[in-house]
Every structure is written in structure tokens, then in C-alpha cells.
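Residue numbers (the UniProt record's numbering): 1 to 747.
Below is one structure, written out as C-alpha cells; the observations come after it.
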Amino acid sequence: VDSVQDDPDIKVMMAGSTLRKVKSRSWKKQRHFRLLEDGMTIWYKSRWAGKGHSTFSVTEVEAVREGHQSEVLLSIAEEFPADLCFTLVFHGRQGNLDLVADSPEEAQAWIQGVRKLIHKVQTMDEKERLDQWVWDWFQKADKNKDGKMNFKEVRKLLKMMNVDMNEDHALHLFTMADKSESGSLEIEQFVHFYKILTQRDEVWKVFQDYSGDGEKLMLEELENFLMMGQQEGERSAQLAQELIDSYEPSESAQEQGAMSLDGFQKYLCSQEGSIFKPEQRDLHQDMSQPLSHYFISSSHNTYLLEDQLRGQSSLEAYIQALKRGCRCVEVDCWDGSDGEPIVYHGHTLTSKILFKDVISTVKEYAFKASDFPVILSLENHCGVEQQTIMAEHLSQILGDMLLTTVLDGQVPQQLPSPQELKGKILLKAKKIGGLEDCIDETLTDEVSDEEEANGDAESPSAEDPPAESLTENDKSKLSKELSDLVLYCKSVHFHGFEQARLHGKCYEMSSFSESKAKRLAKEAGTDFVQYNTRQLSRIYPSGLRTDSSNYNPQDMWNVGCQIVALNFQTAGLEMDLSDGLFRQNGGCGYVLKPDFMRDGNTQFSPEKPEERPDYKPLRLSIQVISGQQLPKVNQKEGSIVDPLVRVEIYGVPQDQAKEETSHINNNGFNPVWNETLNFILHTPELTLVRFVVEDYDKASRNDFIGQFTLPFTCIQAGYRHIHLLSKDGTPIPPSSIFVNISISELT
1 VDSVQDDPDI
11 KVMMAGSTLR
21 KVKSRSWKKQ
31 RHFRLLEDGM
41 TIWYKSRWAG
51 KGHSTFSVTE
61 VEAVREGHQS
71 EVLLSIAEEF
81 PADLCFTLVF
91 HGRQGNLDLV
101 ADSPEEAQAW
111 IQGVRKLIHK
121 VQTMDEKERL
131 DQWVWDWFQK
141 ADKNKDGKMN
151 FKEVRKLLKM
161 MNVDMNEDHA
171 LHLFTMADKS
181 ESGSLEIEQF
191 VHFYKILTQR
201 DEVWKVFQDY
211 SGDGEKLMLE
221 ELENFLMMGQ
231 QEGERSAQLA
241 QELIDSYEPS
251 ESAQEQGAMS
261 LDGFQKYLCS
271 QEGSIFKPEQ
281 RDLHQDMSQP
291 LSHYFISSSH
301 NTYLLEDQLR
311 GQSSLEAYIQ
321 ALKRGCRCVE
331 VDCWDGSDGE
341 PIVYHGHTLT
351 SKILFKDVIS
361 TVKEYAFKAS
371 DFPVILSLEN
381 HCGVEQQTIM
391 AEHLSQILGD
401 MLLTTVLDGQ
411 VPQQLPSPQE
421 LKGKILLKAK
431 KIGGLEDCID
441 ETLTDEVSDE
451 EEANGDAESP
461 SAEDPPAESL
471 TENDKSKLSK
481 ELSDLVLYCK
491 SVHFHGFEQA
501 RLHGKCYEMS
511 SFSESKAKRL
521 AKEAGTDFVQ
531 YNTRQLSRIY
541 PSGLRTDSSN
551 YNPQDMWNVG
561 CQIVALNFQT
571 AGLEMDLSDG
581 LFRQNGGCGY
591 VLKPDFMRDG
601 NTQFSPEKPE
611 ERPDYKPLRL
621 SIQVISGQQL
631 PKVNQKEGSI
641 VDPLVRVEIY
651 GVPQDQAKEE
661 TSHINNNGFN
671 PVWNETLNFI
681 LHTPELTLVR
691 FVVEDYDKAS
701 RNDFIGQFTL
711 PFTCIQAGYR
721 HIHLLSKDGT
731 PIPPSSIFVN
741 ISISELT
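See the structure below:
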């Protein structure tokens, strides 16, 4: 912890302040907040409560918003002026913390102070991060705060850190680190103790395999490792020099053009040594193809933060989805009592928010994570008057962002590209007539998406049956002003693939419930793939999923469906897959489909992958070597995890598979498995690979420890670290698993 402490704002935070914590208009309570000595942990408690207090780390905070920048603070704006108010926004799905200071100066000190600390966290390199982590633990375990730790405290700390070590071994290491023979370790000695403790034998073994003298890797030895061990091919020579420049801490080694074990381990733990190909993390795909050629990150009932029956409707839910790169958000509109349309889950007890506030929020956050277009999927239950008000809000609030005319004044033969639509918001809704404005009565019919489900006995709410064609009466239910804003995403009823092939327009799109889509995928896979080369399709969860659970999106991606809408608010396997697919290409929310799913005459069927002309199955072999510093699942005193690793493959039906290692008893700190899991992939281009670490429990379900999911096409072969994520998809450094991956053609 360095010069930050001399900063005037940080000094205010360390001295502590009484701030009001606000949860609603009626819940506003004073809490004492202060920054602890580690310069990282914020501690707070109520003034009256006895022992109880809470803490959180600055590493959990994503941003600080100034003023009335949350629904809660807006609701008390009359009572507290904006210059006293601020909001701490956390990573993942953790709720905001809304705070009110006593003076503008105090508010500013906390706003600027927390921002400086966030910046510091973001600019730390791997080594500083690890040191910070060790320092945090030291603070936690140094119970009497004398800056020293005796052997008993160290034993307790190891338990907290998920290390189960036999007494003799621990004592031996403790004595080695206790250079002053005082029977206790100060922070520097403890860091040294921790270093000896975390020396990685399995990394040392790999190092030995390639090093002539066992002390260092000379340039050509490192090059050989990159060529043979990491399968880096041609670029190995250039890469070897770059890695020494980037990761070798010892200057004498650098001067000889060599790498020490320290540098080698640093490289393996870095982003370059991670399982994800660095060049595929960035925006690298062709973005000039029609929208129908991409998978698009999409959210269902975006306004909900919880379940579908009683949950909060919230603008925060839109902010969270858009910041995660979501490019298709849903807005359910109903007539409001005072002439203002409202957004909520109709016929349920979910709370209501104003349509115009949703649109303002979308405007502010639409392009923070990605420049590519956002589709507003309108689920419209309003009468004509309020539809016209919706059209006015859309035009006035969004201005130039809203796409209101076709791109070159032409009726398109194919959809425009994400590149051409950068920075634009598109409306998906019903439309009177087509882009041609010559209405072919028999083929245009208008239907609210999720009304289609009624035929499937899936939707618990009974609404009007779908109209079979646009009668004069139906036209009168649509506001012309709103209809005119719909261009490339006109909602229509699906009449089968044959009808679409003959008469479908590229700008017409249908919505399918998950069960209907699944059925079509199984019965007419190739037709669905072809349909999706030209037209967009949107899939939504069954109406029975009132708990906001999700379906597996992979089944839909297998037939090329672009807009596979998931409940973003619900963490778990399905969102892991979605996050995994969209982690590539700069996280921009658009991923180009494989070429065999973009050709209108494709014969590809996910049910029969071997019939593809360029069918090339691959063998994927994963040696799971070891784990590092896995988090504790059970906070009970003295409980240590028994970890196992499972690799799950998601792809075409034939590729779906799971294999797992055995579990290691009582070691979350440095378990070693050395087990190899093998898979055969028939359609590698569609495959996602999910690594899950669990705490084995023979009596009940295993507990989740961490996971990481990525597309098979983004995997780097060789010795790699997989940096684990929490259930919420946020990083949990320094937890990782170390693997050796080989990929070969199946002969």
C-alpha cells in the first residue's frame, strides 16, 4: 500500500464518514463507513448495533455514479440534493449501494477516492495483484493487529486460505521464512513464506523438460518449448524474445536472452499463457455481412431483476444487460393510467416503470460496451393513443440513434450489416404493410410474439388468438406513427419454412417458444439453418419458466438462430454458455456464424454432422494437471474443499459430452490431478467447452467452486492456465486450473 494513503480523498475515507444508506423512499439509515488500513477494504456498521459490521473490497466495485443516477436516489431527489448523492455499482449481479453524504465536500471525497482506488486496482499487474491478495489475507489473520504472525496464527490462516498442510511441513516452511528466529513472521517474511508455499512443482517439471541446465531456458530452448509444448508454430522465435522482454524479472537472465523459472511461471499465469487465444478476444471478425449471419447476444424480459411473477422491474436490469454486451433487449409495454405507457410483466405483480425512462436508459448505455446496433424488441399491449406516445418518445429521446429510414432508399434483398448500422437502435415490432408499402393482404399478418405460444399451451396468460391476416379492424389497432419506425425487424407469424422460402422477406422475423424451436430443429434442422441464413429468428423461454430459469441456448445456435433470448438476471450454466460464446470478438455482442451456416443452399444438419462436405472431426485431449488457490465454498471453520474438475462439451447432439477427474481430499490450495480427458468433436466450429470445478460431496450434490467457458475455436493448445469465474461470471483471482491441451485430426 503506497502513496495513495497521502491522497486527501483517501485520508477522508480512512478517517471515516457517517453516510446514509438508502434502500427505498422509506428505508434510509445512517451507517459509519471507513476505508481500512489495507487501502482496499471498505468497512461499515450501524451506529447502534453491537458487534455486527459488513465489509466489501474495492475490487468488487465497478464504478461510482454521481448524483441521482439510480432509481432509488431519483425517488428521494426532493429530499436530498444531487451533490450529496452517489451510487456504488458492483461487478456481476450484486445490487447497488445508494449513499447520501452530509456535505457536498464529503460526497466528492468518497466519489473521487473510490474512483482512484478502482483505477489503482485496474492498473495492477499480476504480481501486484497476488501481493495484494496475500496482504489482504495477512490483515485478516493478524488478529491482534501487531503486524506479526506466530505459527498458530499462520496455521489458522492456511485453513482460511483453503490449505490443508501437515504440521511438520508447515513448521519447516515457517522456520525457513522466520529469518530473525523471533517465532513470528512480519509481512515481508510472510510473503516469502507464501512464495515457498506456492512453488509449483508441476511447472518446475515442465521447465526441467526443456531446460539444459535446469536453471534457465536459453532463447532456443524457450523457442523449442513454444514450438513443441505450446504448438505456436512459425511465430515461436519472435514470441520467445517478446516473452523474455515481458515476463523475465531477472535482469541478468534478460541480458543473456534467457528465462528463469520465475519468468516462466509468470508467463504461464499471464493472459498470454491463458487458454483463450489473445487475438480472438479482440474485435477480429468480418462485420460487413448481413445481420442474419451473426449470433446476437439477446435478453428476455430485460426489465426484470428477479422472477417473472413478483420481481422488481428496474432500469438497472437494462443497464446490466447492455453493459454485458447484450444487443437485443425486450420492452413489454402496457397502457399507463395517466396516458404514459408503462413497462412490466403484464397480468403479474411485478413492479412498473415508465416506457420513456427505459428509452432514456437505453440511450445512455446502448453503446458503452459495443458500437454495434441494438435491437429494441417491443412486446406491445398498448392502445393506439399510447402507441403514438411511444413513437414520440422513441423519436424525441433517441434522435439520430434511432434508425428511421432504410439505408440507401432501396427495398433490401438482404439485411444490412452490423458495420453499416453502427451506433443505431432498431425497432422490432408489428408493422402495417411491408417496406414496399404494397400490402399483400394474404401474407402479412400481425401478431404479438409471445401470443404465438398460446397454441402450445405453454403460456399461462390467455391473450387474443393470433390474427390470421391483417383485417381492417387490426390495422386500426396499430398506430401508424409507431408502425413507420419499424424497418428491418418486422414481427410476423411463422407459416412454415416452405412459405418463408417462397414469400418471406429478409426484414420479416418470427419468434418461437423454446419448445417450438427445439421441435423444428429436430424435425427440420436443415430447413431451419437455411431459413436463418436470410431471416432473423428470435427464441424466448417457455411461459412456464416463471422463476426466470433458462433453456440451453446451444440447441438454438446449432440451427443458426440469431436472437436466442435468455434471462440475463439468472446466473448458471445457460448464461455461462452465452458469456462464453460472446467473450470473443471484443465482447461486441455479435459473433459471425461458421461459413456452412451462412450459405443459403447449405445442406448442414446438426443431427447429421458427418454429411457436411468439409467434415473434419477433431480429437480434443485435455490433461488436467493441477489447481491453484480455489476459493472456499463452505465458510464453516475448518472445512476444506475436495475439488474435482469436469469438462463439459456443448455443440451438435453428437458432440455433447462430459468427463471428470477424481476428487482430491482436503486440498483447495494446490491439488494435483494429472488425469487426461478425451473428446471427439464432429462440428468443432459450433462447440463450446466448459471447465467446472466442484467440491465433491458423497452425501449430496457437489458444490460449485468456479467455471470458465469458451468457444473451442478460441482454445490455445499447450500448457495453459484457466482463470476461473464465480457463479456470477466475475473473476475470482488468483484461482485457476493448469492444463495441457492437445488437438489433433481424427484419422
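Even for Gly, the Cβ is constructed at its ideal location relative to N, Cα and C.
Model, not experiment: these values are computed from the prediction.
May I ask which residues mark the beginning and end of the beta strand (DSSP E) holding M259? That run of the beta strand (DSSP E) goes 258 to 260.
For L398 and S736, the rounded distance between their alpha carbons: 43 Å
Taking contact to mean 3 or more Cβ pairs, one atom from each stretch, closer than 8 Å, check whether the segment 638 to 658 and the segment 673 to 685 are in contact. yes
Taking C-alpha atoms, which residue in V134, L130, N301, H53 lies nearest to M160? V134
What is the DSSP secondary structure of G455, counted as helix, strand or coil? With a pLDDT of only 41 at G455, under the threshold of 50, the placement of this residue in the model should not be trusted, and no figure is reported.
Who pairs with M509 in a beta bridge, going by DSSP? The partner list for M509 (beta bridge, DSSP) reads S491.
When you compare each of D131, Q414, V89 to R115 by their alpha carbons, which one comes out closest? V89
Using 8 Å for Cβ pairs, my map puts M218 next to A258. What's the rounded Cβ distance? 5 Å
Count the other CB atoms within 10 Å of the CB of N144; is the residue buried (16 or more) or exposed (fewer)? It is exposed - the Cβ of N144 has fewer than 16 other Cβ atoms within 10 Å.
Decide yes or no for the touch test of the segment 695 to 706 against the segment 573 to 589: beta carbon pairs closer than 8 Å, at least 3 of them. no
If you draw a straight line from the C-alpha of D38 to the C-alpha of K727, how long is it? 27 Å
Counted within 10 angstroms of its Cβ, other Cβ atoms place W27 as buried (16 or more) or exposed: Exposed: under 16 other Cβ atoms inside 10 Å.
Nearest neighbour of Q414, chosen from G572, D83, G600 [CA to CA]: Checking every option, the nearest Cα to that of Q414 belongs to G600.
Which partner residues of W43 appear in the DSSP bridge assignment? R34, T55
Segments assigned beta strand (DSSP E), at least 3 residues, entirely inside the segment 304 to 375: As far as the segment 304 to 375 is concerned, its whole beta strand (DSSP E) runs of at least 3 residues are 328 to 334.
Hey, S662 and E648: beta-carbon distance below 8 Å or not? no
DSSP three-state label for T18, please. strand
Does DSSP put N674 in a helix, in a strand, or in coil? strand
Candidates E153, G572, E436, A429: closest to H381 by CA position: A429
Have a look at T404 and P373 and give me their C-alpha separation to the nearest angstrom. 13 Å
Please confirm if the segment 18 to 26 is in contact with the segment 67 to 84, defined as three or more CB-CB distances below 8 Å between the two stretches. yes
One question on the structure: do S184 and K148 come within less than 8 Å of each other, judged by their Cβ atoms? yes
According to DSSP, is R93 helix, strand or coil? DSSP places R93 in coil when its eight states are reduced to three.
Could you name the residues of the same chain whose beta carbon sits closer than 6 Å to that of L97, not counting the 5 residues immediately before and after it, in chain order? L88
May I have the straight-line CA-CA distance separating I722 from I732, to the nearest angstrom? For I722 and I732, the gap between their C-alpha atoms comes out near 11 Å.
Which of the three DSSP states is assigned to C269 in this structure? Residue state for C269 is assigned as helix, using DSSP reduced to three classes.
Specify, as a first and last residue, the run of the beta strand (DSSP E) that Q628 falls within. Its beta strand (DSSP E) spans residues 618 to 628.
By the 10 Å Cβ neighbour count, where 16 or more other Cβ atoms means buried, how is D245 classified, buried or exposed? exposed
Which whole runs of the alpha helix (DSSP H) in the UniProt domain "EF-hand" (129 to 164) are 4 residues long or more, in chain order? 151 to 160
Hey, would you say S351 sits closer than 8 Å to C326, going by beta carbons? no
Contact set for E202: own chain, Cβ-Cβ below 7 Å, skip 5 residues either direction: In the same chain as E202, and ignoring 5 residues on each side of it, the C-beta atoms closer than 7 Å to its own belong to I625, S626, V672, F738, in chain order.
Cβ-Cβ distance between M575 and G729 below 8 Å: yes
Rounded to the nearest angstrom, how far is the Cβ of K593 from that of F295, given a contact under 8 Å? 6 Å
By Cβ distance, which residues of its chain are closer than 7 Å to G311, with the 5 residues on each side in sequence left out? Once the five neighbours on either side are set aside, the close Cβ partners of G311 are L304, L305, T350.
Which residues in the same chain have their Cβ closer than 6 Å to the Cβ of M556, if we skip the five residues on either side of it in sequence? A517, I539, V564
Per the contact definition of three or more C-beta pairs closer than 8 Å, is the segment 482 to 494 in contact with the segment 386 to 393? yes
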